[in-house]
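Report on the structure given below.
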Amino acid sequence: MATQQRPLSPHLQIYAKQITSTMSILHRITGIVNALGVLALAWWLVALASGGEAYAQFIAVAGSLPGQVALFGFAATLVYHLLNGVRHLVWDMGLGFEIPQVYRSGYTVIALAVVFTGLLWYAGLSVGGAA
Numbered sequence: 002m003a004t005q006q007r008p009l010s011p012h013l014q015i016y017a018k019q020i021t022s023t024m025s026i027l028h029r030i031t032g033i034v035n036a037l038g039v040l041a042l043a044w045w046l047v048a049l050a051s052g053g054e055a056y057a058q059f060i061a062v063a064g065s066l067p068g069q070v071a072l073f074g075f076a077a078t079l080v081y082h083l084l085n086g087v088r089h090l091v092w093d094m095g096l097g098f099e100i101p102q103v104y105r106s107g108y109t110v111i112a113l114a115v116v117f118t119g120l121l122w123y124a125g126l127s128v129g130g131a132a
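Each residue of the sequence shown is one higher than the one before, counting from 2 in the working numbering.
Structure follows, in C-alpha cells:
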C-alpha cells in the first residue's frame, strides 16, 4: 500500500497571516517586554529610595532620547497588552467569535492602543510641563 506524501501542516511560505495570529504573537511579545519594563520600574523605585544623586542619574537616563523611546515603547506595550487582555476576557465569556467580530475587535484594540498611548503621553507631558 502506497502512502501519500503530503505536508502535515501549512508551510510558512504559503500560510497567510491573520489578524488573530498576529495579535496573539504581539500579545506574547508585549508580555515579555512588560516583564522587562518592570526592571526599569524597579530601578526607578530603588533610585528614588537611594537619594538625590541616584535619582538624578535615573532621570538623566530616562530623560535621554533612548530613554524616552524605551518609556514610550513600554507604555505602548502596557496599553496594548491590557486592551488585548480585555478582548480575551470577552472571548472567555463566549462572545465575539464570529469572523467579522474578531476582525472588528482586533482593529479596535490596535486603534485604541494608539489613541490611549498618545493620550497617556500627552497627559504625562502636560503634567510635567513639557507639552
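All C-beta atoms, glycine included, are put in the ideal place defined by N, C-alpha and C.
Taking the alpha-carbon positions, what's the residue i to residue j distance?
i     : j     : result
GLY86 : LEU96 : 14 Å
HIS89 : GLY53 : 43 Å
LEU66 : GLU99 : 43 Å
Go ahead and label residue i buried or exposed: buried means 16 or more other beta carbons lie within 10 angstroms of its beta carbon, across all protein chains shown.
i      : result
ALA77  : buried
THR31  : buried
SER51  : exposed
MET24  : buried
TYR104 : exposed
TYR81  : buried
Could you name the residues of the same chain whose beta carbon sits closer than 6 Å to that of residue i, not counting the 5 residues immediately before and after it, in chain order?
i     : result
LEU49 : TYR56
On a CA-only basis, which of the options is nearest residue i? Give me that one, please.
i      : options                        : result
GLN19  : ARG88, LEU40, TRP44 and TYR108 : TYR108
ALA61  : TRP45, GLY74 and VAL116        : TRP45
ALA114 : ILE26, PRO67, LEU66 and LEU79  : LEU79
LEU72  : ILE15, TRP122, ALA17 and LEU27 : TRP122
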